[in-house]
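A.B. asks:
Number of protein chains: 2
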Amino acid sequence: MGQKWSPKGKHCYVTGASQGLGLCTALQLVREGASVSVVARDRAKLEAALTQLETNRISPSQKLTIYSYDLSTAAGAQQALQAACELFGGQAPDAVFLCAGASRPVFFVEATEDDFKGQIETIYYTALWSSWAAAKLMARQKVHGKIVLVSSTLGLMSFVGYSAYAPMKFALRGLADTLYSELLLYGIGVHIFFPCGMFTPGFEEENKTKPGITKKIEEEDHPMQPDVAAAVLLKGVKNGTYSIAADFNTKVFRATTQSSSPYGNLAVKFIFEVIGWFGVAAWRRGVDNSIRKYASEHDAYLKQKGFFDKPPHAA
Amino acid sequence: MGQKWSPKGKHCYVTGASQGLGLCTALQLVREGASVSVVARDRAKLEAALTQLETNRISPSQKLTIYSYDLSTAAGAQQALQAACELFGGQAPDAVFLCAGASRPVFFVEATEDDFKGQIETIYYTALWSSWAAAKLMARQKVHGKIVLVSSTLGLMSFVGYSAYAPMKFALRGLADTLYSELLLYGIGVHIFFPCGMFTPGFEEENKTKPGITKKIEEEDHPMQPDVAAAVLLKGVKNGTYSIAADFNTKVFRATTQSSSPYGNLAVKFIFEVIGWFGVAAWRRGVDNSIRKYASEHDAYLKQKGFFDKPPHAA
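In structure tokens:
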């Protein structure tokens, strides 16, 4: 990749940017001199975000704009991108950061059809349709832009509670691995970020439905501040790093599941792989044992919830 | 896992079993003495499959039945399972083999919205809804059954042409990793199979839309006969192996992307990891170069297809 990429003077398009990681990413892009288009659904949160963006601008020439669209549909994603490009003479953004997404942990046998479909929409569709619209526009205009996807530590491994969420974060990894390869045809760069849990409004929301056993397994995790995560994300994008991770545990898991994804420093990869070789299997065996021990408590919980009183094929 | 599992006298439920891997799996289960319920959409293919199943039965007590349902909806999956269980007094199957699925390779910028949605339905939904229905039934009836998911080599890595397909095969890996963990709560076993390309009707179908560069990258691959793949799948399930692969290349890729998934023999894993450490990165660099070299030919192809004449935001 040679020379470092810089957001200064560029047009950056950020989804899910009214709060959490998306907002922090947008703010840092503004502080580094980018024009930033922020897309999300909630008008009130967007207005509040715009106020923050404005106080962080470093030049009067930066264009800071908010757009309210539903990005879970292909049409919404296309319209949002088109609207944001109008201010720039219809030119594709230099970089799109696809940060939209929310986690809804739930027991598999207690999930509803909408839990699964909702995670497809909020995680996979928001990233797929926007990256699709952006790739087509960049390819048509021969813009050598960047597409940045946001997966999760749970796109690298998974465990009890994440049957609706983790598959979609895995799907984003599959999408990024494909796009990294395919968009070489157009000189479009692809990046994927694997953040761990972050102290965000979304994190508070997900803890409301999170199964007790899942919380227990996560109790020694250290969630990250979203502005710290955003800084790591941006540093990775500037350096041309395909696969970006911020915390130690995620780096260990990632090293054990790299497959053909490009990796930066091979010596660093090797060290994390050795740690992972012993650590990850030991971690899983510990978690497996916790789950097995929890089985009778879980059985009592399901009894109390009336799970066994329903017809055998009940949803 | 100790004692080996045997399909003899068990009720096995196989989806996507009117042809290809599903049919071969069903036939081997019949030859080993299982009662087999076969589910697919196409009535004529199901009738032909039943004739084959009947000629392979080893005992008059085996129940061999076909069911035509649309498994891409939660309701269809639930109804199909319920119908198949009726013959067994409503009892959950001992094992469900979720083989439904089809690949539709296509260039990202040429894909239609339905290409993406179709792959969600044929790959992710067919496995999700059936595993969901089966897990709930097994949990309610305290049946310590087995749920077998079928991913692909392209659930372990991906490249140009598979932007609609690979993400869903990755999603199945995320689902299986979660269910392996979560269904420990109920004593339900989970397996995932990663077959390479197979000489099946589906393989002939996918080659019709496969981009030229994708075919070129795959030209030295050796597709497998589906009955050989089915034998490896069944052997893995009998041995209680969580992650099952049949061919050398898939085993190499898998060793580099194992994460917290349980693995069998660690010495074997180590050997494949060492091969993968050098081989996979070299493979990717070679593929990346092929794609870059193909860029100008691809540009001419898109020109000829009128891609650049459309409005910039055209679908």
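Top line first, the protein sequences correspond to chains S and C. Numbering-wise (numbering that gives the first Met the number 0), the first sequence opens with residue 0 and increments by one. Numbering-wise (numbering that gives the first Met the number 0), the second sequence opens with residue 0 and increments by one. Cβ atoms here follow ideal geometry from the backbone N, Cα and C, with glycine treated the same way. A quick note: this is a predicted structure, and the numbers were derived from the prediction, not measured.
From the beta carbon of S:L184, is the nearest beta carbon of chain C less than 7 Å away?
C.D. replies: Answer yes: the Cβ-Cβ gap between S:L184 and chain C drops below 7 Å somewhere.
A.B. asks: Shorter than 7 Å from the beta carbon of C:H312 to some beta carbon of chain S?
C.D. replies: yes
A.B. asks: Check the DSSP bridge columns for S:S162 and list the partner residues they point to.
C.D. replies: Partner(s): none; S:S162 has no beta bridge.
A.B. asks: Can you give me the start and stop residues for the beta strand (DSSP E) that C:C11 sits inside?
C.D. replies: 10-14
A.B. asks: How about S:D176: is its C-beta nearer than 7 Å to some C-beta of chain C?
C.D. replies: yes
A.B. asks: Using a Cβ cut-off of 7 Å (strictly closer), state whether C:I290 contacts chain S.
C.D. replies: yes
A.B. asks: Taking only three categories from DSSP, how would you classify S:M0?
C.D. replies: Per-residue confidence for S:M0 stands at a pLDDT of 46, beneath the threshold of 50, marking its modelled position as unreliable; the derived number appears in the next sentence. Coil.
A.B. asks: Using a Cβ-Cβ cut-off of less than 8 Å, give me the residues of the segment 96-114 of chain S that come near chain C, in sequence order.
C.D. replies: Within the segment 96-114 of chain S, the residues whose Cβ lies closer than 8 Å to some Cβ of chain C are F106, F107, V108, A110, E112, listed in chain order.
A.B. asks: Thinking C-alpha only, which one of S:C23, S:G19, S:L28 is nearest S:S5?
C.D. replies: S:L28
A.B. asks: So, are the CB atoms of S:P222 and S:F198 less than 7 Å apart?
C.D. replies: yes
A.B. asks: Using a C-beta to C-beta distance shorter than 9 Å, which residues of chain S count as neighbours of C:L49?
C.D. replies: Per Cβ cutoff of 9 Å: no residues; C:L49 is ~24 Å from chain S at best.
A.B. asks: For the segment 206-219 of chain C, enumerate the residues whose C-beta is nearer than 7 Å to any C-beta of chain S, in chain order.
C.D. replies: none
A.B. asks: Could you give the distance in angstroms between the alpha-carbon of C:Q18 and the alpha-carbon of C:D226?
C.D. replies: 11 Å
A.B. asks: Do you know offhand how far C:N206's Cα is from S:G100's?
C.D. replies: 34 Å
A.B. asks: Cβ atoms of S:Y12 and S:V95: under 7 Å apart, would you say?
C.D. replies: Yes. Within cutoff.
A.B. asks: Using beta-carbon positions only, say whether C:T208 and C:P104 come within less than 7 Å of one another.
C.D. replies: Annotated as proximal: C:T208 and C:P104, with beta-carbon spacing under 7 Å.
A.B. asks: Could you list which residues in chain C have their beta carbon closer than 9 Å to that of S:G160, in chain order?
C.D. replies: T177, S180, E181
A.B. asks: Where do the ends of the beta strand (DSSP E) carrying C:F252 lie?
C.D. replies: Note, C:F252: premise wrong, no beta strand (DSSP E); alpha helix (DSSP H) at 247-254.
A.B. asks: Thinking C-alpha only, which one of S:H143, S:A25, S:S67, S:D69 is nearest S:R56?
C.D. replies: S:A25
A.B. asks: Who are the Cβ neighbours of C:L233 in its own chain at under 6 Å, not counting the five residues just before and after it?
C.D. replies: Q27
A.B. asks: Within its chain, find whatever has a CB closer than 6 Å to the CB of S:T255; leave out the 5 residues flanking it on each side and keep chain order.
C.D. replies: G275, V279
A.B. asks: Could you give the residue range of the alpha helix (DSSP H) that holds C:T121?
C.D. replies: Here C:T121 belongs to no alpha helix (DSSP H), and DSSP marks it neither H nor E.
A.B. asks: Over the uninterrupted beta strand (DSSP E) stretch that includes C:K145, give me the two end residues.
C.D. replies: C:K145: member of the beta strand (DSSP E) spanning 145-149, first to last residue.
A.B. asks: Could you list the residues in the segment 252-266 of chain C with a C-beta less than 9 Å from some C-beta on chain S, going in chain order?
C.D. replies: So the close ones are F252, R253, T255, T256, Q257, S258, S259, S260, P261, Y262, L265.
A.B. asks: Closer than 7 Å, CB to CB, is S:A33 near chain B or not?
C.D. replies: Given the protein chain composition of this structure (S and C), no chain B is represented.
A.B. asks: Do you know offhand how far S:K145's Cα is from C:Q77's?
C.D. replies: When only Cα atoms are considered, S:K145 and C:Q77 end up about 43 Å apart.
A.B. asks: With DSSP collapsed to three states, give me the class of C:M223.
C.D. replies: For C:M223, the secondary structure class from DSSP, reduced to helix, strand or coil, is strand.
A.B. asks: On the three-state DSSP scale, how would you describe C:I270?
C.D. replies: Here C:I270 sits in helix by DSSP.
A.B. asks: Put S:H297 into one of helix, strand or coil per three-state DSSP.
C.D. replies: helix
A.B. asks: Which class does C:M197 belong to by DSSP, given the choice of helix, strand or coil?
C.D. replies: strand
A.B. asks: Note down, in chain order, each residue of its chain lying with its Cβ closer than 7 Å to the Cβ of S:F115, except the 5 sequence neighbours on either side.
C.D. replies: A163
A.B. asks: Looking only at DSSP bridge pairs, what is C:L63 linked to?
C.D. replies: C:V35
A.B. asks: The segment 13-38 of chain S: which residues have C-beta closer than 7 Å to a C-beta of chain C, in chain order?
C.D. replies: none
A.B. asks: Residues in the same chain with beta-carbon distance under 6 Å from C:F169, minus the five sequence neighbours each way, listed in chain order, please.
C.D. replies: Closer than 6 Å at Cβ, skipping near neighbours: G154.
A.B. asks: Please name the residue, chosen from S:W131, S:A138, S:K44, that lies closest to C:H297 on a Cα-to-Cα basis.
C.D. replies: S:A138
A.B. asks: Can you look up S:I216 in the DSSP assignment and give me helix, strand or coil?
C.D. replies: In the structure shown, the three-state DSSP call for S:I216 is helix.
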